[in-house]
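Q: Take this structure, written in structure tokens, and hold onto it; I'll ask about it next.
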Amino acid sequence: MCAQMEATLSKEQLRRKLLQPDVITGSEILLRSLLLEGVDCVFGYPGGAVLYIYDAMHGNPDFKHLLTRHEQGAIHAADGYARSTGNVGVCIATSGPGATNLVTGIATAYMDSVPLVVITGNVATQFIGTDAFQEADITGITMPITKHSYLVRKVEDLPRIIHEAFHIANTGRKGPVLIDIPKDVSALKTEFYYPDKVEIRGYNPTTQPNKLQVDKLLQAIEQAERPVIIAGGGVVYADAAPELVEFVNMTQIPITTTLLGLGGFPSGHELWMGMPGMHGTYTANHAIQNADLLISIGSRFDDRVTMNLDGFAPNVKTVAHIDVDPAEIGKNIKTDIPVVGDVKAVLQLANQKAKPAKSQEWIKEIAAMKQQQPLRYKDSDTELKPQYVIEMINETTKGEAIVTTDVGQHQMWAAQYYKFQNPRSFISSGGLGTMGFGFPSAIGAQMGNPDKLVVSINGDGGMQMCAQELAICAINNIPVKVVIINNQVLGMVRQWQEIIYENRYSHIDLAGSPDFVKLAEAYGVKGLRATNKEEARQAWQEALDTPGPVVIDFVVPKGENVFPMVTAGSTLSQMILGDSE
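Numbering (my numbering), first residue to last: 468 to 1048.
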């Protein structure tokens, strides 16, 4: 695998070798620079405008590249690699359609603050702007969905640009950076020099918090009787999970974690309430609605968390917001105590003198609520319920697997019923809600974590948007366990049409979908199917016992819904409990 370097040179020996002042091509500069940035795996798909780059890869034992079967698969794999490892993900595509096929993946990473360096080829500089074959203004197209974009016009600028791109992608609020390299620039030669440091005028993210603001937060905590923490993906991306646990233990504040925050706080902790929002737990939503102090830590008050803003947290007296991006503070919710800074740095400072809130009665109330209103569903001895499948996977992996999901009902069931113990173990498209993301992101996660179990949970709809990537699992023996929650419909759309559109089901039937077992076998991957509990347990155990990739088709009822549910325009207090009523 990419993470297991085959080169015999030590890292220091390799670095000295790479820094030799040779006269080399732009393509060789690119490969050297990526290696100097510590990149151990690149995902990509070649084409005319990047052929010099791919030619430079030929015979290079130090450079690892995984050929996906679609450019979108490449960028989603790079995304999964980045989220699961904390390193910058890298992908390469050619000009025109190759570049535009990356757009959805770039937007996915941008919405979820994932550090990527996206490298595209372009037509030669003299043809830019002439509507040349396979020309697209990819820097213009992606301007709203990147932290920064570069069009490299001089080969001499390439080392500096690459160094800057990695710095921008992985500092402050993280995100994707695009480098567009014209074909002639990749072929021209210059003397290679890699800069020691990055200096970008006007780019100086605030990482260290204002101590006075942290003191205000701690004072508010000491006075609070019904405090609640909403922790988001910022905790995970800042590697601040240990500091968050310490902060919660010191302050005794009940905590809820958003979709992207799952794993950032251990699910087994007595003060964890589950996920908030549209499909959040009764306890988490009730606690938010009755809190007197609300502390957002690395969470941006997304609309799927807050729902109707006019009715959000009506009893709150003080809102505190900790975030590295000052633009997020006060954007959706009026904030009384803004704390700008890296979440890890903020919590380290706060933990020096944090004291408990006046929350003992509040904690008892929440504990009782968790017992009275747990997540539940109507089990069946004749049908295989999707919630049961997730519970079974959780039980057998003890919450220790890296789980990726696609988007839809299965995503919410995974968020509800898999009990994540570790950060960077839940990988899902949150902000953009990108179908087709789940399986390729699992490939990237597995490449970055070769010794860990990676489980990809998908719907039968999203799986058909990326099924071609089964080929690379077979060829490279990437041991992802691919779970398909197969209800034969676009499940989340069907649920909305049932509840909101009065059972007017319009174009949701996925009849004609392939036999997923035969599809897997056609790619050279083991395929299994289960239609009841006994078959499910047997198939899943066989998958776990198989050293390579496996696809398991779990056939579940069409009509199963995700509950609790808060419909658009409703408040968190107006939960539909469904089967739990």
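Glycine included, each C-beta is placed from N, C-alpha and C at the ideal position.
Just verifying my parser: in three-state terms, what is the DSSP assignment at residue 705?
A: Coil at residue 705, not helix or strand.
Q: To the nearest angstrom, how far is the alpha carbon of residue 540 from that of residue 941?
A: Approximately 15 Å between the Cα atoms of the pair.
Q: Have a look at 975, 832, 789 and flag the residue whose alpha-carbon is nearest the alpha-carbon of residue 808.
A: For residue 808, the nearest C-alpha among the options comes from 789.
Q: Specify, as a first and last residue, the run of the alpha helix (DSSP H) that residue 635 falls within.
A: Looking at the DSSP string, the run of the alpha helix (DSSP H) that includes residue 635 is 625-636.
Q: Could you tell me the boundaries of the alpha helix (DSSP H) in which residue 835 lies?
A: Start and end: 827-839.
Q: Going along the chain, which unbroken runs of the alpha helix (DSSP H) with 4 or more residues stay wholly within the region 834-915?
A: DSSP runs (the alpha helix (DSSP H)) wholly in the region 834-915: 853-864, 876-884, 905-915.
Q: Going straight from the alpha carbon of residue 772 to that of residue 950, what length do you get?
A: So the two alpha carbons sit approximately 27 Å from each other.
Q: By the DSSP assignment, the beta strand (DSSP E) with residue 921 in it spans what residues?
A: Segment 921-926, the beta strand (DSSP E) holding residue 921.
Q: Among 483, 538, 834, which one has its Cα closest to the Cα of residue 751?
A: The candidate whose alpha carbon is nearest that of residue 751 is 834.
Q: What does residue 762 pair with, by DSSP beta-bridge criteria?
A: Paired residue(s): 696, 787.
Q: Look at residue 939 and residue 583 and say whether their C-beta atoms are less than 8 Å apart.
A: Not closer than 8 Å, so no.
Q: Exposed or buried, which one is residue 494 when buried takes at least 16 other CB atoms within 10 Å?
A: Buried, by the Cβ-count rule.
Q: At the level of alpha carbons, what is the spacing between residue 862 and residue 616?
A: Straight-line Cα distance between these residues: approximately 44 Å.
Q: Judging by CA-CA distance, which residue of 882, 928, 797 is the nearest neighbour of residue 961?
A: Nearest C-alpha to residue 961: 928.
Q: Take residue 1040 and list the residues in its own chain whose beta-carbon comes closer than 8 Å to its own, dropping the five residues that flank it on each side.
A: Taken in chain order, the residues that qualify are 752, 753, 756, 778.
Q: In this structure, how does DSSP classify residue 474 when only helix, strand and coil are distinguished?
A: For residue 474, the predicted structure reports a pLDDT of 45, less than 50, and the residue's modelled location is therefore unreliable. A value from the coordinates is still provided. Residue 474 falls in the coil class under three-state DSSP.
Q: Residue 925 and residue 877 - do their beta-carbons sit closer together than 8 Å?
A: Yes, they are a contact pair.
Q: Less than 7 Å between C-beta atoms, sequence neighbours within five positions excluded: which residues of the same chain meet that for residue 618?
A: If we look at residue 618 and ignore the five residues flanking it on each side, its Cβ neighbours are 606, 647.
Q: I need the boundaries of the alpha helix (DSSP H) containing residue 940, first residue and last residue.
A: Residues 937-943.
Q: Consult DSSP for residue 616 and reduce its assignment to one of helix, strand or coil.
A: It is a strand residue.
Q: In terms of DSSP beta bridges, what is residue 1017 paired with?
A: Its beta-bridge partners are 948, 993.
Q: Grab me the residues of residue 987's own chain with a C-beta within less than 7 Å of its C-beta, minus the 5 sequence neighbours each way, in chain order.
A: Excluding positions up to five away in sequence, the list reads 937, 993, 994, 1018.
Q: With a CB to CB cut of under 8 Å and the five nearest residues on each side skipped, what residues in its chain are close to residue 620?
A: Excluding sequence neighbours, residue 620 sits near 592, 649, 652.
Q: Near residue 803, which residues of its chain fall below 6 Å by C-beta distance, leaving aside the five closest residues on each side in sequence?
A: Closer than 6 Å at the Cβ level, and outside the excluded window around residue 803, lie 785, 786.
Q: So for residue 1022, helix, strand or coil by DSSP?
A: Three-state DSSP puts residue 1022 in a strand.
Q: What separation, rounded to the nearest whole angstrom, lies between the Cα atoms of residue 952 and residue 812?
A: Near 40 Å, if we compare the C-alpha coordinates of residue 812 and residue 952.
Q: Please list, in chain order, all residues of the same chain as residue 486 whose beta carbon is under 7 Å from its beta carbon, the five residues on each side excluded.
A: These residues qualify, in order along the chain: 661.
Q: Can you list, in chain order, the residues of its chain whose CB lies under 6 Å from that of residue 723, leaving out five sequence neighbours each side?
A: Answer for residue 723: 697, 740, 743, 751, listed in chain order.
Q: With a threshold of 8 Å, are at least 3 pairs of Cβ atoms found where one atom belongs to the region 563-571 and the other to the region 587-603?
A: At 8 Å Cβ cutoff, the stretches touch.
Q: Would you tell me roughly how many angstroms separate the C-alpha atoms of residue 975 and residue 852, rounded to the nearest one?
A: Taking the straight line from one Cα to the other gives about 20 Å.
Q: Can residue 866 and residue 885 be called in contact, C-beta distance under 8 Å?
A: It is a contact, given that the beta carbons lie within the stated cut-off.
Q: With a floor of 4 residues, list each alpha helix (DSSP H) that falls wholly inside the region 773-824, ordered by position along the chain.
A: You should have 810-817.
Q: Measure the Cβ-Cβ separation of residue 873 and residue 898 and say whether it is below 8 Å.
A: Taking 8 Å as the Cβ cut-off, residue 873 and residue 898 do not qualify as a contacting pair.
Q: Buried or exposed for residue 473, going by 16 or more other Cβ atoms inside 10 Å?
A: Confidence at residue 473 is low in this model, with a pLDDT of 43, below 50, so the placement of that residue is unreliable and no value is reported for it.
Q: Does DSSP put residue 537 in a helix, a strand or coil?
A: Of the three classes helix, strand and coil, the one that applies to residue 537 here is coil, per DSSP.
Q: Pick helix, strand or coil for residue 745, following the three-state DSSP scheme.
A: It is coil, neither helix nor strand.
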